[in-house]
Amino acid sequence: MSKFNEPLVTHIYTADPSAHVFDGKLYIYPSHDLVHECEDNDNGDQYNMEDYHILCMDDVDAPCKDCGEVLHMNEVPWVSKQMWAPDAAEKDGKYYLYFPARDRNGEFHLGVAVSDSPAGKFVPQPDYIPGSFSIDPAVLMDDDGQGYIYFGGLWGGQLEKWQTGSFLPNEEGPKGDEKALGPQVARLSDDMLTFKEGPKEITILDENGEPLKASDEDRRYFEGPWMHKYNGTYYLSYSTGTTHYIVYATSDKPEGPFTYRGRILEPVIGWTTHHSIVEFKGKWYLFYHDSSLSGGINSQRSVKFCELHYNEDGTIQTIKPYENNN
Ligand code: FUB
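So, in structure tokens, the structure goes:
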């Protein structure tokens, strides 16, 4: 049986969970961490993943099933390595798996694969999405049917290197008082396979309406965006990377600007923190990962979940993953 704040599965390592409700069940689209000898460095070489497995739960206290491998990098012509954090979306009865990986030049782009079932298998498009770059795609299907894809990650995720719209391998990000880089957003085409137009950077503002600064590492964007809607407000949540928080910002528009609101998850065991937020049967849940099962190995992580609570004013109560058992 599944329990809050315990690994959902223990037979494989899983990370970066993107949770959705499809056909009345909870489907989780995670990365699949492998046991290997790769160097652990700031470029993310230790995250040397090759395929995706999908997890499924009939209910929050039901066992979590592994639906098996649904896509391997050997099936994707443009991919050389590192199948990182994916997400999935549904439109008109078809399911779309969005995933980042390195191409044959070592640049990260976003790919998409299609299935008739939320549990796969997924058939990849032959090339990456034109105009896509960096990592960590997350898709919001808005109430009017428009899909928005959010993405981007610093350091190994290469977001700094795309500031001009082209890949500049030596480009470094802003520093100190300079405006921090935000995640990217693009509207998806009606067939879900391309961008309608070039992606735009999202601005995240502080309480005074000023853009967050690069030095503000407790609040500025690093990687792992997620978008959900609660009572008509758009909630952009993300990892702060170097300070290991999951935080959030809100807006009345899906493309922002967003205003920083607070912290959702305190640091977990392991360097990365990555999450998703989903409503299921009238309650809200946070899916996240940590490295507790592997004894703290950064690249061997496990997906967990717990309940998430809002205050009456729409703010989110901070979760301390090892102190409460909500
Ligand atoms: O899993 C590989 C990378 O680690 C993800 O893309 C990031 O979000 C971080 O969790």
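Using our numbering, you'd call the opening residue of the sequence shown number 364 and step up by one each time.
The beta-carbon is built from N, C-alpha and C at its ideal position, and this holds for glycine as well.
Handout entry: Coil, strand or helix - T373 by DSSP
Key = coil
Problem - Y410 Cβ short of 7 Å to the ligand FUB heavy atom set - result: yes
Practice task
Just tell me which of L671, A476 and P500 has its CA closest to the CA of Y511.
Solution key: P500
Practice task
Tell me, please, whether the region 568 to 579 touches the region 491 to 509 by the rule of three or more beta-carbon pairs shorter than 8 Å.
Solution key: Short answer: they don't touch.
Practice task
Out of N437, H472, L371 and S529, point me to the one whose CA is closest to V486's CA.
Solution key: Out of N437, H472, L371 and S529, N437 has the C-alpha closest to the C-alpha of V486.
Problem - Touching by the beta-carbon criterion (3+ pairs, under 8 Å), the region 439 to 450 and the region 378 to 389 - result: yes
Exercise for the section: State the Cα-Cα distance for the pair D553 and V477, rounded to the nearest angstrom. Expected result: Straight-line Cα distance between these residues: approximately 14 Å.
Problem - Where Y623 falls, given that 16 or more other Cβ within 10 Å makes a residue buried - result: With 16 or more other Cβ atoms from the protein chains shown falling within 10 Å of its own Cβ, Y623 counts as buried.
Exercise for the section: Would you list, in sequence order, the uninterrupted beta strand (DSSP E) runs of no fewer than 3 residues that lie entirely inside the region 535 to 604? Expected result: 547 to 550, 586 to 593 and 596 to 602
Practice task
Using the Cα positions of L522 and M364, report the straight-line distance between them to the nearest angstrom.
Solution key: 39 Å
Exercise for the section: Examine the ligand FUB and report whether any of its heavy atoms sits within less than 7 Å of the Cβ of S394. Expected result: yes
Problem - Below-8 Å beta-carbon distance, V475 vs any chain D residue - result: Looking at the structure shown, chain D is missing, and only one protein chain is on hand.
Practice task
Determine, using beta carbons only, whether A549 and P562 come nearer to each other than 8 Å.
Solution key: In contact: A549 and P562 (Cβ atoms closer than 8 Å).
Handout entry: Classification of K559 by the beta-carbon crowding that lies within 10 angstroms, buried from 16 upward
Key = Burial call: exposed.
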